[in-house]
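For reference, the structure discussed in these notes is given below.
Number of protein chains: 2
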Amino acid sequence: MSAEEILSKRLAAWSAMGFDAERCPVRNVLDRIGDKWPTLILIVLAAGPKRFSALGRAVPDISKRMLTQTLRDLERDGLLTRKVFPTKPPSVEYSLTALGRSALEPMAALVEWAERRHPEIEAARARFDRDAEAA
Amino acid sequence: MSAEEILSKRLAAWSAMGFDAERCPVRNVLDRIGDKWPTLILIVLAAGPKRFSALGRAVPDISKRMLTQTLRDLERDGLLTRKVFPTKPPSVEYSLTALGRSALEPMAALVEWAERRHPEIEAARARFDRDAEAA
DNA sequence: ATAGAGCAGTCTCTAAATGAGACCAATCAT
DNA sequence: ATGATTGGTCTCATTTAGAGACTGCTCTAT
C-alpha cells in the first residue's frame, strides 16, 4: 500500500468517527510524539538511560518545567519508565520501554527525511521570502 | 544502521553545532511537519488538490486563522503550492509538491505506528492514572 | 429586488501553553 | 561556611492558539 493510500484510508476512518480527537490515534498519539520536546527526549534516551539533570544538559534549551512535564507525559504513555533510587539526594533514572524503543524506528525515518530534504526546504524558504519581499 | 544509531548520531552532530535551532534539521523541519495541523493538512492533500474551504471542511476543528497560517508555512517550506484562479469569487487550490509527497512516506510510517500502538498507549495511560489516584 | 450563502481570507480579543527563573531540603566537596 | 548538585515545584511574563466577527464580491433562491 502506498503512503497516499494509507493516509487517505486513515483520514476516511477517522472522518467516519466524527473527528473525535479523543479516539483518533493520529491526534491522540502524534500530538505527543510529533511534538518538539518529546521527540528530543526520546532521541536522547535512544542511547541509553539518563537521569533528570543529564537530560536537562543533553537538551540545553528545555526548561525544567517543560522537562518535567514532558517526562511525565511520556511516562504516562508508557514510552519510558521512571526509577527513583533512594540515595541522598535521590537520583531518578529515565529509560525507554519496549514501546518507547519501537517508536524510534518511524522517528528515525522522519529524521532521515528531514536531513535529506533540509537543503530543499531551506531553498524554498529563501525563494518564498525573496518573492514576498519583491511584491 | 539501527534506529538507535541513526538517532544518536544525529544527536551528536547537532550537539556539536551547539544546539542551534536554526541550523538543526530536526528542530527546523520537524517542528513544522511533526506538528498537529501541518500533519493533518498534508494527509488531507495526499488524496489530491483541495481548495481552501474544502480543507476547512476536511479538518473541521481547525480555525480559519490556523488554516491560513499553516498553509502559508507549508507553502513557504515548498511542501505545497497555492494556485489562485481569477474566477469571481476567486478560488484557490492547494496541492502537494514532489517534496510534499515525499514527506508522506515517513509520515505514513508514523501513523501506522500510532495506530498499531494506540491500544498499548491507552492501556498505559489508564494504568498510570489509576496508580496516581491510588496514591 | 433582495436576502442568504459561499468564496478566501483578515482582524481582534481572549484563553491556553510555554519559557525564565526563584525556591525547596538534603548532602557533598572545598 | 560556601557553593554546587540532586529532582523537582511555583509564580509570573511572554508567546501562541482558538473563537468568531467582518470584508468585498458573486451566485442562487424568493
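Each protein sequence line maps, in turn, to chains A and B.
Note that the UniProt record's numbering has the first sequence beginning at 1, numbered continuously upward.
Note that the UniProt record's numbering has the second sequence beginning at 1, numbered continuously upward.
From the three backbone atoms N, C-alpha and C, an ideal C-beta is built for every residue, glycine too.
8 Å Cβ cutoff met for residue i and residue j
i, j, result
"L110 of chain B", "L96 of chain B", "no"
"T30 of chain A", "T39 of chain B", "Residue 30 of chain A is actually Leu in this sequence, not Thr. Yes, these two residues count as a Cβ contact at 8 Å."
"A47 of chain A", "S8 of chain B", "yes"
"V59 of chain B", "I41 of chain B", "yes"
"V44 of chain A", "K36 of chain A", "no"
"Y94 of chain A", "R76 of chain A", "no"
"D61 of chain A", "F52 of chain B", "no"
Listed by chain order, chain B residues near residue i by CB distance under 8 Å
i, result
"R117 of chain A", "V29, L99, S102, A103"
"K36 of chain A", "R27, L30, D31, G34"
Sequence-distant residues of the same chain with beta carbon closer than 8 Å to residue i, five excluded per side
i, result
"V26 of chain A", "R10, W14"
"P90 of chain A", "V84"
"G74 of chain B", "Rather than Gly, the amino acid found at residue 74 of chain B in this sequence is Leu. Closer than 8 Å at the Cβ level, and outside the excluded window around L74 of chain B, lie R32, P38, I41, L42, L80, G100."
"R127 of chain B", "none"
"M17 of chain B", "R23, C24"
"A123 of chain A", "none"
Partner residues on chain B for residue i, Cβ-Cβ distance less than 7 Å
i, result
"E120 of chain A", "G78, L99"
Contact with chain B by residue i, beta-carbon distance below 8 Å
i, result
"T39 of chain A", "yes"
"P90 of chain A", "no"
"R10 of chain A", "yes"
"L55 of chain A", "no"
"L71 of chain A", "no"
"M17 of chain A", "no"
"E4 of chain A", "yes"
Residues near residue i by beta carbon distance below 7 Å, same chain, minus five either side
i, result
"M66 of chain B", "W37"
"K64 of chain B", "G56"
Distance between beta carbons of residue j and residue i, contact taken as under 8 Å
i, j, result
"A108 of chain B", "I6 of chain A", "4 Å"
"E115 of chain B", "A3 of chain A", "Actually they are not in contact, since the Cβ atoms of E115 of chain B and A3 of chain A sit about 14 Å apart, beyond 8 Å."
"S102 of chain A", "R117 of chain B", "7 Å"
Contact with chain A by residue i, beta-carbon distance below 8 Å
i, result
"A62 of chain B", "Note that residue 62 of chain B is Ile in the sequence shown, not Ala. With 8 Å as the cut-off, I62 of chain B does not count as an interface residue toward chain A."
"E93 of chain B", "no"
"R82 of chain B", "no"
"R130 of chain B", "no"
"A134 of chain B", "no"
"L67 of chain B", "no"
Same chain only: Cβ atoms within 6 Å of residue i, ignoring 5 sequence neighbours per side
i, result
"G100 of chain A", "L79, L80"
"C24 of chain A", "W14"
Where residue i meets chain A, residues with beta-carbon distance less than 8 Å
i, result
"R106 of chain B", "With the sequence shown as reference, residue 106 of chain B is identified as Pro, and Arg is not the correct amino acid for it. Going along chain A in sequence order, the residues near P106 of chain B (Cβ under 8 Å) are P106, A109, L110, E112, W113."
Contacts that residue i makes with chain B (C-beta to C-beta distance below 9 Å)
i, result
"E75 of chain A", "A124, F128"
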